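Here's the structure we're looking at; comments come further down.
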Amino acid sequence: MRPLFSTASLHMPSNIHKKLIMRLLIGWFVMSIVLGTVVFFVKLEDIDDFVRELAIAESKPLIDDKEYFSLNITQQERDEMNRKLYHHIEMAHFVIVELYNAKREELYKASTKDIGEIELEKKHIESKYQTYLFSDNVAYKKFFIDGRVFLNLVVPLFDDDNKKYGYFVAVYRADDKTMKAIRELIFGTLFIVVAAVFAAAIIFYPIVMAMNRNLITLNKDLINLTNDLSDANIGILESLGSAIAKRDSDTNSHNYRVTIYAVTLGTALDLKNDEMRSLIKGSFLHDIGKIAISDNILLKPGKLTEEEFEHMKTHVSHGLDIVGKYSWLRDAGDVVAYHHEKYDGNGYLRRLKMEDIPFNARVFAIADVFDALTSKRPYKEPLSYEKTIEIMKEDSGKHFDPNLLEVFMSLSIELYDKISKVEDDILEKIMNDMVRKYFVY
1 MRPLFSTASL
11 HMPSNIHKKL
21 IMRLLIGWFV
31 MSIVLGTVVF
41 FVKLEDIDDF
51 VRELAIAESK
61 PLIDDKEYFS
71 LNITQQERDE
81 MNRKLYHHIE
91 MAHFVIVELY
101 NAKREELYKA
111 STKDIGEIEL
121 EKKHIESKYQ
131 TYLFSDNVAY
141 KKFFIDGRVF
151 LNLVVPLFDD
161 DNKKYGYFVA
171 VYRADDKTMK
181 AIRELIFGTL
191 FIVVAAVFAA
201 AIIFYPIVMA
211 MNRNLITLNK
221 DLINLTNDLS
231 DANIGILESL
241 GSAIAKRDSD
251 TNSHNYRVTI
261 YAVTLGTALD
271 LKNDEMRSLI
281 KGSFLHDIGK
291 IAISDNILLK
301 PGKLTEEEFE
311 HMKTHVSHGL
321 DIVGKYSWLR
331 DAGDVVAYHH
341 EKYDGNGYLR
351 RLKMEDIPFN
361 ARVFAIADVF
371 DALTSKRPYK
381 EPLSYEKTIE
391 IMKEDSGKHF
401 DPNLLEVFMS
411 LSIELYDKIS
421 KVEDDILEKI
431 MNDMVRKYFV
441 Y
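Each residue of the sequence shown is one higher than the one before, starting from 1 at the first, in the UniProt record's numbering.
Structure below.
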């Protein structure tokens with residue numbers, strides 16, 4: 001892990017302000033791009049859901065009239081339905097509305113004028129994704145024309161006996177109010193991310209300057225510099241981890257505890273210093289990808305839906321994208337990417353099994369689950385030590401590497417008694433005392 005600041009700066013006090021400001025600005029710029037890009041694409045997914053729900057809600061008055069989908073209706077009834085379609089187009093945001101029976105035979109169609117480009121795009125989408133769109137689930141494809149969002153939406157229709165009786169097919173156009181809400185959502189989120197990174201840079205500036213002034217004044221022993229740089233490295237790791245931890249918790253205690261548990265197990269397993277540094281960095285940053293998960297999912301008190309859980313899983317790949325951008329964080333990737341894999345291959349994202357799961361990820365998974373079970377969370381009360389051990393033993397060979405779990409079991413009661421109910425300030429001191437030695441070069 002390279003130092004954040006070179007010792008040469010000690011000999012150039014007149015330039016240190018300029019150099020430090022430049023480095024902080026470069027760091028701010030890079031982090032803003034990385035995090036901003038991640039958040040941008042995540043918010044685009046949120047926008048898809050937002051527009052889709054609007055479209056489905058506005059289609060309700062039409063799709064509930066299943067009697068109009070019969071082939072035996074009278075011409076008068078057919079004319080009435082056509083009238084309703086055109087009226088619905090005038091009153092809502094649809095530019096094309098089509099109704100099909102269960103055999104995908106077109107029954108009705110209505111559209112606004114001047115839809116040539118929109119209809120061409122619709123036909124292209126339906127020819128390319130026909131199997132996907134005409135399925136048993138609500139499906140949609142988004143496209144843009146002149147900067148405006150359009151949704152090609154297909155809603156399968158089922159009666160009370162769960163028998164499909166038709167399809168509602170439409171092109172929905174986001175109005176000016178919706179487009180404004182979309183722009184505000186994206187740019188508001190990006191502004192918060194950029195401002196937060198900039199604020200962090202400003203906070204670090206006086207801290208680092210004060211540290212360097214002391215080092216220049218003392219400049220008697222290079223060890224002092226090394227220790228301070230090590231503290232800075234640890235501090236940045238802790239700050240990044242804490243920024244994520246505090247999105248779904250009031251304290252940093254989870255990050256402190258899992259790091260202590262993981263380092264204790266790593267020590268018992270005689271990990272080398274470089275392996276331990278990777279484990280420590282991964283422990284701090286294991287959930288950094290949650291910066292890309294929307295609050296309504298991350299902070300949901302109840303059980304996540306299947307769709308929400310699939311979205312939550314993406315924090316692993318988002319986290320790997322973030323740490324992979326920086327050489328001094330890259331070795332945290334094993335823990336960040338694979339700490340939700342399971343020994344029997346039923347984890348995520350890659351469903352790795354046994355020794356295919358990186359060693360540090362197998363170590364950290366034990367520490368993470370032990371803390372999750374013994375800690376209070378927004379959605380659960382803490383379990384007792386005895387119940388926790390019972391659950392983890394049942395998962396030996398399934399969730400956990402049985403050999404590593406056996407070593408942890410021999411340490412667990414002492415760790416639990418010493419760590420589980422300690423306040424944050426004491427946890428932080430214990431953690432720092434444990435990890436500092438691995439970052440002294």
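Beta carbons are placed, not taken as given, at the ideal position from N, Cα and C, and that holds for glycine.
All figures in this text were calculated on a predicted structure; none of them were measured in a lab.
Between the CA atoms of Gly282 and Asp331 - distance to the nearest angstrom | Between Asp331 and Gly282, the C-alpha separation is close to 8 angstroms.
Leu427: which of Tyr343, His254, Leu352, Lys103 sits nearest, CA to CA?
-> Taking Leu427 as reference, the option from Tyr343, His254, Leu352, Lys103 with the minimal CA-CA separation is His254.
Going by C-alpha distance, which of Arg277, His88, Thr267, Asp321 is nearest Ala292?
-> Looking at Arg277, His88, Thr267, Asp321, the one whose alpha-carbon comes closest to that of Ala292 is Asp321.
Per DSSP, the bridge partner or partners of Tyr100 | Under the DSSP definition of a beta bridge, Tyr100 partners with Glu106, Tyr167.
Of the choices His87, Phe134, Tyr86, whose alpha-carbon is the least far from that of Tyr100?
-> Among His87, Phe134, Tyr86, the Cα nearest to that of Tyr100 is on Phe134.
Give me the Cβ distance between Tyr261 and Phe370, rounded to the nearest whole Å; I'm assuming they're in contact under 8 angstroms.
-> Confirmed, about 6 angstroms.
Compare the C-alpha of Asp295 against each of Glu308, Phe284, Leu285 and name the closest.
-> The candidate whose alpha carbon is nearest that of Asp295 is Glu308.
Whole angstroms is fine: what's the gap from Gly319's alpha carbon to Asp287's?
-> The alpha-carbon atoms of Gly319 and Asp287 are separated by roughly 7 angstroms.
Which residues does DSSP pair with Ile145 in a beta bridge?
-> By DSSP's assignment, Ile145 forms a beta bridge with Arg148.
DSSP state of Tyr172, grouped into three classes?
-> In the three-state reduction of the DSSP assignment, Tyr172 falls in the strand class.
Taking all protein chains shown into account, decide if Ile357 is buried (16 or more other Cβ within 10 angstroms of its Cβ) or exposed.
-> By the neighbour-count rule (16 or more Cβ atoms within 10 Å), Ile357 is buried.
Measuring CA to CA, which of Lys300, Lys398, Lys437, Tyr385 is closest to Asp417?
-> Per the Cα distances, Tyr385.
Helix, strand or coil: which one does DSSP assign to Ile439?
-> Just to set this straight, residue 439 is Phe in the shown sequence, not Ile. In the three-state reduction of the DSSP assignment, Phe439 falls in the helix class.
Mind reading off the beta-carbon distance from Ser278 to Asn360? Whole number of angstroms is fine, and I expect it under 8 angstroms.
-> Ser278 to Asn360, Cβ: 6 angstroms. Contact.
Own chain residues within Cβ distance below 6 angstroms of Tyr438, not counting five before or after = Excluding five sequence positions before and after Tyr438, the CB atoms of its chain that fall closer than 6 angstroms to its own CB belong to Asn273, Met276, Arg277, given in chain order.
Limits of the alpha helix (DSSP H) - the one that Gly116 falls within | Gly116 -> alpha helix (DSSP H) spans 116–128.
Can you tell me which of the three DSSP states Ser410 falls into?
-> The three-state reading of DSSP puts Ser410 in helix, counting H, G and I together.
Rounded straight-line distance, which links the Cα of His399 to that of Ala337 | CA-to-CA, the gap between Ala337 and His399 works out to about 16 angstroms.
Would you mind listing the alpha helix (DSSP H) stretches within the stretch 314–348 that are 4+ residues and don't spill past its ends, in chain order?
-> Correct list: 315–323, 333–338.
Work out the CA separation of Val258 and Lys421 for me, nearest whole Å.
-> So the two alpha carbons sit approximately 13 angstroms from each other.
Taking 8 angstroms as the cut-off, decide whether the C-beta atoms of residue 456 and Val97 are in contact.
-> Residue 456 falls outside the range modelled here, since the chain spans only 1 to 441, and no answer is possible.
Contact set for Asn82: own chain, Cβ-Cβ below 8 angstroms, skip 5 residues either direction | Around Asn82: Tyr108, Ala110.
Along the alpha helix (DSSP H) that carries residue 446, what are the first and last residues, could you check?
-> Residue coverage of the chain in this structure runs from 1 to 441, which leaves residue 446 outside it and unanswerable.
Simplified DSSP state of Ser14, which is helix, strand or coil | Only weak support exists for where Ser14 lies, its pLDDT of 48 falling under 50; the value from the coordinates is given anyway. Here DSSP, grouped into helix, strand and coil, assigns Ser14 to coil.
Check Leu157 in the structure and name its three-state DSSP category.
-> Looking at Leu157 - three-state DSSP - the assignment turns out to be strand.
Does DSSP put Val95 in a helix, a strand or coil?
-> Note: Val95 maps to strand in three-state DSSP.
So the alpha helix (DSSP H) Thr264 belongs to, where does it begin and stop?
-> Residues 253–268.
Where does the unbroken alpha helix (DSSP H) through Ser278 begin, and where does it stop?
-> 273–285 is the extent of the alpha helix (DSSP H) around Ser278.
Starting from Lys393 and walking both ways along the alpha helix (DSSP H), at which residues does that stretch end?
-> First-last of the alpha helix (DSSP H) with Lys393: 385–394.
Could you tell me which residues DSSP pairs with Ser111 in its beta bridges?
-> Bridge partners of Ser111: Ile96.
Identify whether His311 lies in helix, strand or coil by the three-state DSSP scheme.
-> In this structure, DSSP gives His311 a helical state, which the three-state scheme calls helix.
Can Met354 be considered in contact with the ligand ATP, in the sense that its beta carbon sits closer than 7 angstroms to one or more heavy atoms?
-> For the structure depicted, the ligand ATP is absent and the ligand set is empty, with no information on it obtainable.
Buried or exposed: Tyr256, going by 16 or more other Cβ atoms within 10 Å of its Cβ?
-> Buried, since its Cβ has 16 or more Cβ neighbours within 10 Å.
Which residues DSSP lists as bridging Tyr140, in chain order | Partner(s): Leu153.
Neighbour-count burial assignment, Phe144, 16 or more Cβ in a 10 Å radius | With fewer than 16 other Cβ atoms within 10 Å, it is exposed.
8 angstroms Cβ cutoff met for Leu411 and Thr388 | No, these two residues do not count as a Cβ contact at 8 angstroms.
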